[in-house]
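>
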Amino acid sequence: MSRIIIIDDSLFVRYTMSQMLTPAGHEMVGEAANGLDGLRLINRLQPDLVILDINMPGMDGITVLKALRRNHPTVRVLLCSGLGSGRQRTAAFDNGAHGFLTKPYLGDDLITCVRTTLHTALEGLGPVIPTAA
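Position 5 (the sequence shown) corresponds to 267 in our numbering; numbering is contiguous.
Below is the structure:
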């Protein structure tokens, strides 16, 4: 079982992700609607994985990712975006993300990306781009 924090400005997205991942055996230990609150949760709860939206008001996901990498280099990060542009993917991986998922996605896509991102941590492999339809 992995411990996951979801950081996304959409309550609906946070709720939906939690509903998809909990039955798959993951523990949702926290969620935040913005980057600053998310970083505080990460400091306090030490998750295995952070699912992080790129496009949020205030502190965007890439800024959160940079701060997370400085203070928690071993935490796995799966970035999500409704845009999914090549530039966003490049910025995500250049700054230490381990996975990238384009919204909208199916529940199986999310579960597969989470599993793949966590598996690379166990195997000591580098970043991957999980295939999501």
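A virtual CB, placed ideally from N, CA and C, is assigned to each residue, including glycine.
Just the Cα atoms here: how many angstroms apart are Ala286 and Met321?
Distance between the alpha carbons of Ala286 and Met321: 30 Å.
> Distance, Cα to Cα, Ala295 vs Asp270?
Near 5 Å, if we compare the C-alpha coordinates of Asp270 and Ala295.
> First and last residue of the alpha helix (DSSP H) that includes Ile324?
That run of the alpha helix (DSSP H) goes Gly323 to Asn333.
> With a threshold of 7 Å on Cβ separation, who are the neighbours of Ala329 within its own chain once the five nearest residues in sequence on each side are excluded?
Cβ within range, chain order: Leu301.
> Excluding five sequence neighbours on each side, which residues of the same chain lie with their C-beta closer than 6 Å to the C-beta of Asp310?
Within the same chain, Asp310 has close Cβ partners Ser264 and Arg265.
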